[in-house]
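Worksheet for the structure shown next.
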Amino acid sequence: MNDIQHFINGAPADGTSGRFGSVTNPANGTATARVPLASVSEVDTAVSAASKAFQSWGTASLARRTQVLFNYRELVNARRDEIAELITAEHGKVHSDALGEVARGLEVVEVACGIPQLLKGETSTQVSTRVDVESIRQPVGVVAGITPFNFPAMVPMWMFPIALACGNTFVLKPSEKDPSATLRLVELAHEAGVPEGVLNLVHGDKTAVDRLLEHPEVDAVSFVGSTPIAKHVHDTASATGKRVQALGGAKNHMLVLPDADLDQAADAAVSAAYGSAGERCMAVSVVVAVDPIGDELVGKIAERARNLTIGPGNDPASEMGPLITSEHRDKVSSYVPRAREQGAEVVVDGTDLVVEGHEDGFFTGVSLVDKVSPEMDVYADEIFGPVLAVVRAESYEEAIGLINSSRWGNGTAIFTRDGGAARRFQLEVQAGMVGVNVPIPVPVGYHSFGGWKDSLFGDNHIYGNDGVHFYTRGKVITTRWPDPSDGGVDLGFPSNT
Ligand code: NAD
1 MNDIQHFING APADGTSGRF GSVTNPANGT ATARVPLASV SEVDTAVSAA SKAFQSWGTA
61 SLARRTQVLF NYRELVNARR DEIAELITAE HGKVHSDALG EVARGLEVVE VACGIPQLLK
121 GETSTQVSTR VDVESIRQPV GVVAGITPFN FPAMVPMWMF PIALACGNTF VLKPSEKDPS
181 ATLRLVELAH EAGVPEGVLN LVHGDKTAVD RLLEHPEVDA VSFVGSTPIA KHVHDTASAT
241 GKRVQALGGA KNHMLVLPDA DLDQAADAAV SAAYGSAGER CMAVSVVVAV DPIGDELVGK
301 IAERARNLTI GPGNDPASEM GPLITSEHRD KVSSYVPRAR EQGAEVVVDG TDLVVEGHED
361 GFFTGVSLVD KVSPEMDVYA DEIFGPVLAV VRAESYEEAI GLINSSRWGN GTAIFTRDGG
421 AARRFQLEVQ AGMVGVNVPI PVPVGYHSFG GWKDSLFGDN HIYGNDGVHF YTRGKVITTR
481 WPDPSDGGVD LGFPSNT
């Protein structure tokens, strides 16, 4: 079993804290590596490397920064299969899904390659006599990025490419559950020419995260993970004067109106609910079926759900892999009998699935629970697994009322053929990302990703223009080059004439 290393100041570094976590292949339950859990002093070493590197990287030319990012794009693209294999081995998702996550991360690298265009400032000439005004944006300094297990490649790539392109240096703390793909991305960044200290990686748990949140030389924190930790990160880092964007959990609703194409809607619901075993923050976990199509829609979803092939992620026949840990699998499975006890109708129960030859893997089958009501646990909690709840609604108004009363507001979707209803929904729904006949509306890299309510603490969404805004500080310069004849003291407040 190998020991995974940190990557600090341009080089791999052994963990010295004496504390380790275990990395496991969820398809067979075998421990494959030990991941070091950084101490406060190891985090401090990484932050000081980033702080020192900022002195030169923060003023490196745009040409130099983008050259590195163009190289990086090519390297990651060439190694995408290798990165996807690392993801599958530690996360469990199927290879095609892992490749998709690398591709969506690369989209953000491609946007970062165009940073000169995004960082262009604004000027106003002659705002007053012989006075010009210029707005520019400058890097923030040292940025910390803390990422979740479910996208070990894509979510880090939502952060550091834009942060580095803007001239910041970075300390990344990936999930300790599946750290190898993230580490590979950092190694490749150095092959691409990222100078030492500019992009550091420390593995760890709460000790490492809390040190980053309070470290006086960390200027900004990007976090993606569950809602309680997002709130903790937001409140702690804000209290120490840092800017923070903390993206949290979700419970995404898909509204199906009676005029929708029900085959398309069923395909979409199954793909979005069970893809990546439901371990996506944009997964659809609730379908709201507006009368009278409930029975027909549930029938179509059930038929498709029963036909899914579940198995190890490295088997090309598998459509869905295992969950991340046995504890998480057991927790996810527990919602199905509880839903039955609380009065829901379990249409498909996948909780007793055994994958032959992989009896020790963390598998569960897919479950579909109908006639769910908001007070049931299966509705109220973020389950983060392949359990889809269906709520019946009598009208559009009842459905949107339900969606808008959720504590989360990450993604949502409407399925309909009625343009007017779709338009009304996109204006009325309280969520940050809306799909119209699109079940997982993850914005492309040149827009920005983020939810509302308990799905995001802070105001900037991640990547795209919001990312550039978050990773830079604005400065406005007012300039007068006086004529030799100008002069004289004036104690009045500056006004423009
Ligand atoms: P998590 O909150 O358990 O962990 C996220 C990060 O926080 C990890 O790096 C972890 O080491 C660290 N962490 C965990 N406990 C901590 C503590 N007590 N103090 C400080 N740091 C701590 O999340 P996860 O289980 O890795 O990921 C799944 C969650 O992430 C789900 O809730 C999912 O919805 C959410 N998520 C959200 C988005 C989004 O864009 N909104 C994207 C992906 C995942």
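Letter 86 of the sequence shown, counting from 1, is numbered 86 in the UniProt record's numbering, and no numbers are missing. Cβ coordinates follow ideal geometry from the N, Cα and C atoms, glycine included.
The ligand NAD has no heavy atom closer than 7 Å to the beta-carbon of N314. Going by DSSP, Q55 is part of no beta strand (DSSP E) but of the alpha helix (DSSP H) stretching over 40-57.
In the three-state DSSP reduction, P36 falls in the strand class (E or B). The Cβ atoms of S395 and V290 sit closer than 8 Å to each other. DSSP places T123 in the strand class (E or B) of the three-state scheme. Within 7 Å of the C-beta of D178 there is not a single heavy atom belonging to the ligand NAD. Here C113 has T66, L69, F70, R73 as same chain residues with Cβ atoms under 7 Å from its own Cβ, once five neighbours each way along the sequence are excluded. For I414, the enclosing beta strand (DSSP E) has its first and last residue at 411-415. Excluding sequence positions up to five before and after G249, its CB lies within less than 6 Å of the CB of S226, T227, E382, all in the same chain and listed in chain order.
Every alpha helix (DSSP H) of 4 residues or more that sits fully in the region 340-423 is shown, in chain order, as 377-380, 396-404.
In the assembly as shown, E303 is an exposed residue. Its beta-carbon has fewer than 16 other beta-carbons within 10 Å.
Distance from the CA of L119 to the CA of V109, rounded to the nearest whole angstrom, comes to 15 Å. For W57 and I162, the gap between their C-alpha atoms comes out near 14 Å. The beta-bridge partner set that DSSP reports for E134 consists of T123, I477. Looking at H234, L201, G241, the one whose alpha-carbon comes closest to that of V218 is G241. Between the region 37-48 and the region 195-210, the count of Cβ pairs shorter than 8 Å is three or higher; the stretches touch.
Linking P174 to D360 through their CA atoms gives a straight-line distance of about 26 Å.
Under DSSP, D3 shares a beta bridge with R34. Membership of A11 in the beta strand (DSSP E) is indicated by the continuous run 11-13. DSSP, reduced to helix, strand and coil, places V284 within a strand of the structure shown. Counting only residues of its own chain and dropping the five nearest sequence neighbours on each side, M154 has a CB closer than 6 Å to the CB of E101, R104, G105.
Sorting V288, H6, K206 by C-alpha distance to the C-alpha of F415 places V288 at the top.
Note on geometry: alpha-carbon atoms of F384 and F493 lie some 58 Å from one another. Distance from the CA atom of I400 to the CA atom of H358, rounded to whole angstroms, is 42 Å. The residues L323, F362, T364, in chain order, have a CB closer than 6 Å to that of R329 in the same chain once the five nearest residues on each side in sequence are set aside. A direct Cα-Cα distance of roughly 26 Å separates D418 from H447. In this structure the region 252-271 does not touch the region 80-89; the number of beta carbon pairs closer than 8 Å is below three.
Excluding five sequence positions before and after T88, the CB atoms of its chain that fall closer than 6 Å to its own CB belong to H95, A98, G313, N314, given in chain order. By the Cβ criterion, the region 428-435 is not in contact with the region 470-485, since fewer than three pairs of Cβ atoms, one from each stretch, lie closer than 8 Å. The distance from the Cβ of V347 to that of D377 is about 17 Å, inconsistent with a contact at the 8 Å cut-off. The beta carbon of E101 sits no closer than 7 Å to any heavy atom of the ligand NAD.
When only Cα atoms are considered, V286 and I146 end up about 28 Å apart. With a cut-off of 7 Å, the C-beta of D210 is classified as near the ligand NAD, since at least one heavy atom of the ligand falls inside that distance. Of all alpha-carbon atoms in D3, G450, I4, the one lying nearest the alpha-carbon of A230 is that of G450.
Looking at the DSSP output, V436 shares a beta bridge with I414.
As a beta-bridge residue in DSSP terms, K173 pairs with I146.
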